[in-house]
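Participant:
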Amino acid sequence: MSHNKILEIQNLSMEFGGLQALDSINITFYEKEVVAIIGPNGAGKTTLFNCITGVYVPTRGNIFIQNPYTQMKEKINGLKPNIITRKGMARTFQNIRLFKNMTVLENVMIGRHCHAKAGIISAMVRSKKTRDEEARIIHDSRELLKKVNLVDEQYEYAKNLSYGYQKRLEIARALATKPFLLLLDEPAAGMNSKETAELMDLLKEIKKDLHIALLLIDHDMHFIMNLSEKIFVMDYGKKIAEGTPEEIQKNPLVIKAYLGENI
Amino acid sequence: MEYFLELLLSGLIRGSIYALIALGYTMVYGIIELINFAHGEIYMISAFIALIFASVLNAYGLNSLATFAIASSLAIVYAAAYGFTLEKLAYKPLRNAPRLSPLISAIGLSIVLQNYVMLAQTSSFVPFPNLIPDFAFLNSISHILFPSEFLILVITTIVMIILTIVIKYTKIGKAMRAVAQDRMMAMLLGININYIISVTFIIGSCLAAIGGVLIASHIGQINFFIGFIAGIKAFTAAVLGGIGNIPGAVLGSIILGCTESFATGYVSSDYEDVFAFAILVLLLIFRPEGILGKKRDQKV
Amino acid sequence: MFSFKEIKKSFLISLWFMFLTFPLMVIKINPETHSILWEWKNMLWVGIGTFCISLLVRFYQARNKKKSLSKKLFFADRKIPTSVIVAFLFFSIIFPFLFSNYHVNIMTTALMYIVLGLGLNIIVGLAGLLNLGYAAFYAIGAYSYALLNYHFGIGFWLAIPIAALLSALAGILLGFPVLRLRGDYLAIVTLCFGTIIRLILENWDELTFGPSGISQIPRPTFFGIEFSPHNVTTYIYFIALGFVFFTIFMVNRLKHSKIGREWQALREDEIACEAMGVDKTKTKLSAFALGATWAGMMGVLFAAKTTFINPASFTFIESVIMLSIVVLGGMGSISGIIIAALILILLPEYLRELGNYRMIVFGLSMVVIIIFKPHGLIGNVKKNYKTDYDVSQ
């Protein structure tokens with residue numbers, strides 16, 4: 000396993016009014032790792048997510064990313080979400096946010112757009128170059144749909160898909176941006192056990208085939224323990240523990256804060 | 000200084016009228032998120048109805064105070080009836096349609112109502128009888144405050160107070176606020192949504208009618224087109240204050256009225272509307288949710 | 000056919016409408032003499048009319064319930080057959096040779112509104128940005144041509160790209176302040192923008208000649224050749240028709256391009272859009288600019304067609320009609336917009352025989368169409384990327 004850093008969070012704090020949502024978080028992520036963040040509701044998991052993806056600008060602290068291909072390190076806090084996505088981090092949402100009135104294929108194509116160059120003029124002129132680029136986008140998007148098993152539904156409107164399919168489409172759309180780190184905000188929430196198992200297989204496959212790192216937030220302990228290589232535990236905006244699933248299960252602090260009655 | 004006060008007063012009076020209309024916009028918007036474009040027409044129709052009944056009563060030789068009271072009451076009743084009917088006819092069938100569809104039916108209705116009044120009555124300006132009695136205690140300041148202006152300020156204040164009480168403390172007011180917050184949840188709790196929406200339209204229309212009758216007796220003439228302009232201004236005021244917010248609508252109306260009044264007084268009446276709209280645009284750039292509107296953070 | 004209960008209901012409805020219309024329809028005040036005229040027979044008409052309409056609606060609803068859902072969605076998600084398109088094409092080309100100049104003129108206006116509708120569709124239908132001030136861009140185009148011609152003698156064909164550029168700039172200018180606004184706030188600011196532009200045109204006499212407007216604007220020429228007044232109508236018709244084809248072609252291309260899909264994604268969900276790496280600012284501004292471009296070009300054509308413009312041609316009602324075309328057509332559907340533009344422009348023109356009743360009929364048709372077809376006349380056609388050239392590598 001390689002040990003290139005891809006994301007470094009240093010002393011990250013976030014305040015809303017007087018509320019300390021995140022308190023001096025220090026976390027480092029490595030290449031091709033599957034990491035989970037767990038913690039009770041209101042522990043600050045989604046806030047951390049939103050800081051990393053640029054939805055919130057953190058009050059204090061720094062976030063650095065290091066592109067595994069170019070080894071370039073840069074600070075990303077304060078950048079807009081779309082810029083961060085272009086730098087190689089993509090996300091899914093806790094409450095699905097698909098482009099409902101667009102087809103499944105089009106949803107994925109939007110994800111691919113950040114690597115396309117065509118502007119307004121080229122859209123109107125439609126030169127050979129633009130047409131090739133367009134064909135490339137369509138081809139790649141279809142490949143991704145094959146990966147998540149949605150190719151039969153490609154001309155369906157996103158709103159007509161079932162819940163499980165919508166979740167998978169969101170993953171495909173995020174993958175289309177060619178991330179080296181994929182952030183999944185409660186991917187298994189609201190799924191039945193069969194769908195969860197399928198999702199687990201899908202994520203394992205993605206990790207294996209695409210060599211990208213995954214960062215998960217979820218409440219489904221079985222899902223987390225099965226999938227992740229490393230777990231961070233948060234409570235009241237602080238990181239209270241980190242380690243392998245086995246270590247976490249034994250950690251008395253974690254048991255006290257969160258797992259106590261569950262496992 | 001006296002000129003300044005005069006302008007301020009005229010701004011307050013304009014603002015009061017805008018507020019009466021803007022409340023209808025804001026309440027309807029708060030509940031079903033619809034810009035009720037036909038709302039200005041209700042105001043216009045109620046002015047016409049007051050005029051018609053006043054003329055009839057006058058012809059039968061009733062004194063002016065009684066005429067004013069009866070004609071205005073009938074105008075308010077009719078405005079409520081029109082508001083109720085419009086909602087049932089043009090908005091209720093579109094409750095689950097795409098967001099812009101009710102806007103189109105509202106625009107269509109607005110065109111229909113304008114032309115209906117024009118055809119049924121007249122396309123030219125009609126003089127509105129002066130029915131407001133002289134208040135003796137106003138004689139000393141009658142050079143700056145007309146009786147009609149006094150009446151506008153007093154009635155608007157009373158109406159605002161009553162409305163606040165209704166919304167805050169009565170059962171129907173609480174139900175209205177609940178529907179505005181979360182229509183689905185209110186329905187699950189057993190609130191009759193259709194009933195609440197109808198009541199909202201009726202209250203909004205009554206307020207518009209009060210505004211219509213007051214301004215018509217103040218200015219002294221009406222035609223079928225007055226609702227359109229007043230409607231747009233009142234809507235602007237509602238947005239200025241933060242659409243869906245009741246005190247905001249009043250505040251926005253008063254700011255708008257004063258801006259217009261000062262712009263007319265100190266710059267030129269040609270650019271009165273430019274100032275009004277420029278204020279709105281500037282405000283929305285810095286406070287996109289309006290003065291008192293709540294910032295609605297999108298949950299990610 | 001109707002049960003007693005239904006008839007009773009209709010009867011009550013007609014009674015209610017008789018009550019509603021009683022003061023306005025029956026008591027007619029003469030504004031000069033203040034005499035009162037009682038017209039009781041109007042009440043009878045209202046009663047009979049509403050009774051019949053109410054029964055008709057009941058009949059329609061009962062029939063609709065029986066119909067299967069698939070039949071109701073007759074138009075939705077269907078490509079228009081080629082034969083229909085060819086027939087339309089053929090008809091539009093021979094149209095000026097079959098009908099008098101009067102009809103050609105009206106049809107030219109309708110064609111211009113098709114282009115305006117398609118242009119506004121970029122802003123409202125595709126990008127989902129409600130715009131109630133589209134006529135301002137139309138005015139900017141018209142005044143650009145009129146003033147450039149007056150001061151510098153610039154001709155029609157040169158004015159078109161200049162006006163397009165100026166309107167696009169105005170679009171961006173409007174776009175910047177409203178970037179953060181959503182939905183109805185956007186509507187009111189664009190409405191204000193439209194009104195401000197009109198008021199400036201009305202009051203800045205030195206530049207715009209105020210309310211009296213600009214007259215004697217030259218008609219378009221054909222490579223320097225001027226047409227006789229009779230032929231020029233036909234010529235302008237063909238220019239407008241050319242614009243329609245050009246616009247359909249371009250809008251279609253834009254819609255199925257990278258930028259077009261980004262507009263639609265922005266309409267669906269701004270946050271997800273940003274998370275996918277789409278630049279919100281650029282995408283919104285480009286929608287405003289491109290939408291405005293078409294209005295600018297049509298403005299030039301409008302000025303050249305009427306040879307006289309004044310601020311009264313660019314009122315709020317113009318913007319409303321343009322928006323209605325987009326919404327009635329079915330937000331984003333090109334063929335829907337064409338049909339809606341033809342209905343909304345031709346209907347009032349050919350209803351002139353109804354005299355004063357035409358605007359009532361016009362408004363009522365708007366209400367009726369949208370109630371019976373809340374998603375617009377024609378639903379959006381899904382793009383199948385099937386036929387697209389496959390990647391060659």
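Chains A, B and C, in that order, give the protein sequences.
Residue numbering for the first sequence follows numbering that gives the first Met the number 0, starting at 0 and increasing by one per position.
Residue numbering for the second sequence follows numbering that gives the first Met the number 0, starting at 0 and increasing by one per position.
Residue numbering for the third sequence follows numbering that gives the first Met the number 0, starting at 0 and increasing by one per position.
Here a beta-carbon is modelled for each residue, glycine too, at the ideal position from N, C-alpha and C.
(1) Below 9 Å on C-beta distance, what does A/K265 contact in chain C?
(2) Would you check if there are 3 or more beta carbon pairs closer than 8 Å linking the stretch 13-29 of chain B to the stretch 252-260 of chain B?
(3) Measure from the C-beta of B/N35 to each C-beta in chain C and report whether the shortest distance is under 8 Å.
(4) Have a look at A/D131, A/G163, A/L18, A/K116 and flag the residue whose alpha-carbon is nearest the alpha-carbon of C/D278.
(5) Cβ atoms of A/V103 and A/L143: under 8 Å apart, would you say?
(6) Does any residue of chain F bring its CB to less than 8 Å from the CB of C/Y112?
(7) On the DSSP bridge assignment, give the partners of A/F231 in chain order.
(8) Distance check for A/I62 and C/L363, CA to CA, integer angstroms please.
(9) By the criterion of Cβ-Cβ separation under 7 Å, what are the contact partners of C/R179 in chain B?
(10) Which residue from A/F15, A/V33, A/G242, A/A188 puts its Cα closest to that of A/E204?
(11) Can you check the stretch 108-147 of chain A for any alpha helix (DSSP H) of at least 4 residues that lies completely inside it and give the ranges in chain order?
(12) Can at least three beta-carbon pairs, one atom from the stretch 8-19 of chain A and one from the stretch 175-194 of chain A, be found at a separation below 8 Å?
(13) Using 10 angstroms around the beta-carbon of C/L72, count the other beta-carbons present and answer buried if the total reaches 16, otherwise exposed.
(14) Using the Cα positions of C/F74 and C/I368, report the straight-line distance between them to the nearest angstrom.
(15) Since C/V277 meets chain A, which of its residues come closer than 9 Å, beta carbon to beta carbon?
(16) Hey, could you find the ends of the alpha helix (DSSP H) B/L56 is sitting in?
(17) Indicate the three-state DSSP secondary structure (helix, strand or coil) for C/F136 in the structure shown.
(18) Which term fits C/L68, buried or exposed, when burial requires 16 or more other beta carbons within 10 angstroms of its beta carbon?
(19) Residues in the stretch 231-265 of chain C with C-beta within 8 Å of chain A's C-beta atoms, listed in sequence order?
(20) Quick one: grab the DSSP three-state call for A/L213.
(21) Identify the residues that DSSP records as bridge partners of A/S12: which are they?
(22) Residues of chain B with a CB under 7 Å from the CB of C/Y184: which are they?
(23) Got a sec: is the Cβ-Cβ distance from C/G132 to anything in chain B below 8 Å?
(24) Going by CA-CA distance only, name the one from C/F87, C/T194, C/S91 that's closest to C/I139.
(25) With a cut-off of 8 Å on the beta carbons, I'd call C/L190 and C/F315 a contact; round off their distance for me.
(26) Out of B/G172, B/A215, B/A207, which one is the CA nearest neighbour of B/Y194?
(27) Is the CB-CB distance between B/L112 and B/F36 below 8 Å?
(28) Under 7 Å between beta-carbons, which chain A residues line up against C/L289? List them in chain order, please.
(29) Does the beta-carbon distance from B/G219 to B/I290 come in below 8 Å?
(30) In angstroms with no decimal places, state the Cα-to-Cα distance between A/L215 and C/G118.
(31) Measuring only between beta-carbons, confirm whether C/C191 sits less than 8 Å from chain B.
(32) Distance, Cα to Cα, C/A163 vs C/I153?
(33) For chain C, check one thing: does any of its Cβ atoms lie closer than 8 Å to the Cβ of B/N193?
(34) Could you say if the stretch 217-237 of chain C and the stretch 246-262 of chain C meet the contact criterion of at least three C-beta pairs nearer than 8 Å?
(35) Within the chosen definition, does the stretch 170-190 of chain B reach the stretch 39-53 of chain B through at least 3 CB pairs nearer than 8 Å?
(36) From C/I159 to C/S256, what does the alpha carbon distance come to, in whole angstroms?
Facilitator: If we stick to the structure as given:
(1) Nothing can be reported for residue 265 of chain A, as the shown portion of chain A is limited to 0 through 262.
(2) yes
(3) By one-based count along the second sequence, residue 35 of chain B stands at place 36. Cβ-Cβ to chain C under 8 Å: no for B/N35.
(4) Counting from 1 along the third sequence, the entry for residue 278 of chain C is found at position 279. Of the listed residues, the one whose Cα sits closest to C/D278 is A/K116.
(5) Here residue 143 of chain A refers to the residue found at position 144 when the first sequence is read from its first residue. Here residue 103 of chain A refers to the residue found at position 104 when the first sequence is read from its first residue. Contact: no.
(6) Among the chains of the structure shown, chain F does not appear; the protein chains present are A, B and C.
(7) Walking along the first sequence from the start, residue 231 of chain A turns up at place 232. Per DSSP, A/I36, A/E241.
(8) Position 364 of the third sequence holds residue 363 of chain C. Position 63 of the first sequence holds residue 62 of chain A. Computed Cα separation, rounded: 59 Å.
(9) Here residue 179 of chain C corresponds to residue number 180 of the third sequence, with the count starting at 1. Those are P287, listed as they occur along chain B.
(10) Walking along the first sequence from the start, residue 204 of chain A turns up at place 205. Comparing Cα-Cα distances from A/E204 to each of A/F15, A/V33, A/G242, A/A188, the minimum goes to A/V33.
(11) 119-124, 127-146
(12) no
(13) Reading the third sequence from its first residue, position 73 is the one you call residue 72 of chain C. For C/L72, the pLDDT reaches just 43, beneath the cut-off of 50, and the residue's location in the model is therefore unreliable, leaving the point undetermined.
(14) By 1-based counting over the third sequence, the position of residue 74 of chain C is 75. By 1-based counting over the third sequence, the position of residue 368 of chain C is 369. Legend: pLDDT at C/F74 = 46, less than 50; position of this residue unreliable, value from coordinates given subsequently. For C/F74 and C/I368, the distance between alpha carbons rounds to 14 Å.
(15) For this step, residue 277 of chain C is matched to residue 278 along the third sequence. Near C/V277 (Cβ distances below 9 Å), the residues of chain A are N81, T84, I109, H112, C113.
(16) Indexing the second sequence from 1 puts residue 56 of chain B at position 57. 38-58 is the span of the alpha helix (DSSP H), which, as asked, contains B/L56.
(17) For the purposes of this step, residue 136 of chain C is taken as residue 137 along the third sequence, with counting starting at 1. It is helical.
(18) Taking the first residue of the third sequence as 1, we reach residue 68 of chain C at position 69. The pLDDT assigned to C/L68 is 46, lower than 50, so where the model puts this residue is not dependable, and the model offers no usable value.
(19) M249, R252, L253, S256, K257, I258, G259, R260, E261, Q263, A264
(20) Translated into positions along the first sequence, residue 213 of chain A becomes position 214. Strand.
(21) Along the first sequence, one-based indexing puts residue 12 of chain A at 13. Paired residue(s): A/R59.
(22) Counting from 1 along the third sequence, the entry for residue 184 of chain C is found at position 185. Per Cβ cutoff of 7 Å: V238, L283, P287.
(23) Taking the first residue of the third sequence as 1, we reach residue 132 of chain C at position 133. Taking Cβ atoms only, chain B never reaches closer than 8 Å to C/G132, which makes this a no.
(24) Locating residue 139 of chain C in the third sequence gives position 140, where the first residue counts as 1. If we check each option's Cα against that of C/I139, C/T194 comes out closest.
(25) Along the third sequence, one-based indexing puts residue 190 of chain C at 191. Along the third sequence, one-based indexing puts residue 315 of chain C at 316. Indeed they touch by this definition, with Cβ atoms about 7 Å apart.
(26) For the purposes of this step, residue 194 of chain B is identified with residue 195 of the second sequence, where counting begins at 1. For B/Y194, the nearest C-alpha among the options comes from B/G172.
(27) By one-based count along the second sequence, residue 112 of chain B stands at place 113. By one-based count along the second sequence, residue 36 of chain B stands at place 37. Their beta carbons are not under 8 Å apart, which means B/L112 does not touch B/F36 by this criterion.
(28) Reading the third sequence from its first residue, position 290 is the one you call residue 289 of chain C. Within chain A, the residues near C/L289 are I119.
(29) Position 220 of the second sequence, counting from 1, holds the residue named residue 219 of chain B. Position 291 of the second sequence, counting from 1, holds the residue named residue 290 of chain B. It is not a contact, given that the beta carbons lie outside the stated cut-off.
(30) Locating residue 215 of chain A in the first sequence gives position 216, counting from the first residue. Locating residue 118 of chain C in the third sequence gives position 119, counting from the first residue. So the two alpha carbons sit approximately 44 Å from each other.
(31) Locating residue 191 of chain C in the third sequence gives position 192, counting from the first residue. Yes, C/C191 counts as interfacial toward chain B.
(32) Residue numbering aside, residue 163 of chain C sits at position 164 when the third sequence is read from its first letter. Residue numbering aside, residue 153 of chain C sits at position 154 when the third sequence is read from its first letter. Computed Cα separation, rounded: 14 Å.
(33) In the second sequence, the residue the question calls residue 193 of chain B occupies position 194. Chain C, which has no Cβ nearer than 8 Å to the Cβ of B/N193, makes this no.
(34) no
(35) no
(36) Numbered from its first residue, the third sequence carries residue 159 of chain C at position 160. Numbered from its first residue, the third sequence carries residue 256 of chain C at position 257. So the two alpha carbons sit approximately 25 Å from each other.
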